[in-house]
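Following: one structure in structure tokens, then a few remarks.
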Amino acid sequence: MTSETTPTTSSAPRPGGVGRLAGRTVSRIGYGAMQLERLHDDRPAAIALLRHAFDLGVDHVDTAHFYGDGFVNGLIREALRPGDDVLVVTKVGAASDHAGPFPMRVAQRPEELRAGIEAELTTLGMEQVPVVNLRRMDAGMTIPFPDEQKVDLDDQLAELIALRDAGKIGAIGLSSVSPDVTRRALPAGIVCVQNPYSLVAREDEDLLELCTEEQIAWVPYFPLGGAIPGMAKVTDEPAVIAAAERLGCTPAQVGLAWLLHHSPRTLLIPGTATAAHREANLAAGAITLDAQTLAALDAIR
0 MTSETTPTTS
10 SAPRPGGVGR
20 LAGRTVSRIG
30 YGAMQLERLH
40 DDRPAAIALL
50 RHAFDLGVDH
60 VDTAHFYGDG
70 FVNGLIREAL
80 RPGDDVLVVT
90 KVGAASDHAG
100 PFPMRVAQRP
110 EELRAGIEAE
120 LTTLGMEQVP
130 VVNLRRMDAG
140 MTIPFPDEQK
150 VDLDDQLAEL
160 IALRDAGKIG
170 AIGLSSVSPD
180 VTRRALPAGI
190 VCVQNPYSLV
200 AREDEDLLEL
210 CTEEQIAWVP
220 YFPLGGAIPG
230 MAKVTDEPAV
240 IAAAERLGCT
250 PAQVGLAWLL
260 HHSPRTLLIP
270 GTATAAHREA
280 NLAAGAITLD
290 AQTLAALDAI
300 R
């Protein structure tokens, strides 16, 4: 399923062109599966959404066991067919918490990371998870967590490296981290970094530069902003709206296209629970931004 020699899922062009992730050639636009939890009562529709994405050339999908307490992973397991060449990326560092004030709780201790990997393997039906991101609480959207969950990075990486050596995971990534944490983790062979980043939230530009220097995939989440109250939205920016009108596309597509143009290390994982929105996200990869439009968008701060 993850071999370099395995045939691709379909003959469709890779959305957004070609990128690199964990030593693999992948489409630059993948699929973030979190929102599939919204289709909890319509499992066939969720499976069809995934299958169609794969048929359209999407060959990497981002998920986590704590998305619906294994529900989303189960969808991916059911949607994948023998011979599919889809790279599955998961994350650990949090767990579902239906009874708490937040839908998830922090689970940062090494033994919790190991338990998280075992849950991923079970719900995905895999012998090895290709890529696992360590979801830290150093940057981006965080939730309150007690002192006993403030675990040293080296202890966490040691556990993940042991799991990689045991063949349970293929590669290690990071999520919600600072540049300092990323530098400290480099000896572990980090293959990707996921942080909140968009046209209107570029505080992590130095981290993106570090990923570029180290040839690490940059996978922004919240790529259009606006995910939580008070967060700026890319689609509200006058320059984005004007560009969309000129190009005959949506403001959201402009925001995604800008991310692809801004750095060749960028891989996108936009999520949706509707087929029309998913196709619009994939179409953003074919949008060309001329120099004047890029200059106007780059000027947004």
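All residue numbers in the sequence shown are consecutive under numbering that gives the first Met the number 0, ending with 300. We put the CB at the ideal spot given by N, CA and C, even for glycine. Note that this is a predicted model, so its numbers are computed, not measured.
Over what stretch of residues does the beta strand (DSSP E) that includes PRO332 continue unbroken?
The structure shown does not extend to residue 332, since the chain is modelled only from 0 through 300, so no value can be given for it.
Going by the CB atoms, is the gap between LEU209 and PRO250 shorter than 8 Å?
no
Sort out for me which residues DSSP pairs HIS306 with in a bridge.
Since the displayed the chain opens at 0 and closes at 300, residue 306 lies outside it and no answer follows.
When VAL88, PRO195 and LEU288 are compared against VAL307, the one with the closest alpha-carbon:
The first residue shown for the chain is 0 and the last is 300, placing residue 307 beyond what the model contains.
Return yes when the Cβ of ALA114 is within less than 8 Å of the Cβ of SER175, no when it is not.
no
Looking only at C-alpha atoms, which of ALA63, ARG80, PRO237 and LEU266 sits nearest to GLY16?
LEU266
Out of PRO129, LEU123, GLN148 and ASN132, state which residue places its alpha-carbon closest to the alpha-carbon of GLU110.
GLN148
Extent of the continuous alpha helix (DSSP H) run through PRO250:
250-261
When DSSP labels each residue in this structure, what does ALA200 get in the three-state scheme?
strand
Using only alpha-carbon positions, find the residue among PRO143, GLY18 and GLY31 that is nearest to ALA272.
GLY31
If you count every other CB in all the chains shown that lies within 10 Å of the CB of ARG163, and 16 or more means buried, which is it?
buried
For ARG300, report the span of its beta strand (DSSP E) as first-last.
No beta strand (DSSP E) holds ARG300; DSSP gives it neither H nor E.
Span of the beta strand (DSSP E) around PRO178
Careful: PRO178 lies outside any beta strand (DSSP E), inside the alpha helix (DSSP H) at 178-184.
Taking all protein chains shown into account, decide if GLN214 is buried (16 or more other Cβ within 10 angstroms of its Cβ) or exposed.
exposed
Between GLU212, ASP151 and ILE299, which has its C-alpha nearest LYS232's C-alpha?
ILE299
Would you call the stretch 55-75 and the stretch 118-125 touching, i.e. three or more CB-CB distances under 8 Å?
yes
At the level of alpha carbons, what is the spacing between LEU79 and VAL57?
12 Å
Return yes when the C-beta of ASP96 is under 7 Å from any heavy atom of the ligand NAD, and no when it is not.
The ligand NAD is not among the ligands present in this structure, which contains no ligands whatsoever.
At least 3 beta-carbon pairs within less than 8 Å: the stretch 153-167 vs the stretch 190-206
no
For ILE286, which three-state DSSP category applies?
coil
At which residues does the alpha helix (DSSP H) containing PRO237 begin and terminate?
237-246
Contact belief for GLY92 with LEU133 at Cβ below 8 Å, rounded distance in angstroms
6 Å
Here's the rule: buried if 16 or more other CB atoms are within 10 angstroms of the residue's CB, otherwise exposed. What is ILE227?
exposed
Give every residue of the same chain whose Cβ lies closer than 6 Å to the Cβ of ALA170, excluding the five residues on either side of it in the sequence, and list them in chain order.
ALA21, VAL130 and VAL190
ASN132: first and last residue of the uninterrupted beta strand (DSSP E) it sits in:
128-134
Could you check the C-alpha separation between VAL128 and ALA241 for me, to the nearest Å?
42 Å
To the nearest angstrom, report how far apart HIS64 and THR89 are at their CA atoms.
8 Å
Under DSSP, the beta strand (DSSP E) around GLY172 begins and ends at which residues?
168-174
Nearest neighbour of VAL199, chosen from ARG182, VAL253, LEU173 and ARG245 [CA to CA]:
VAL253
Is it right to say GLN107 is buried, meaning 16 or more other beta carbons lie within 10 angstroms of its own, or is it exposed?
buried
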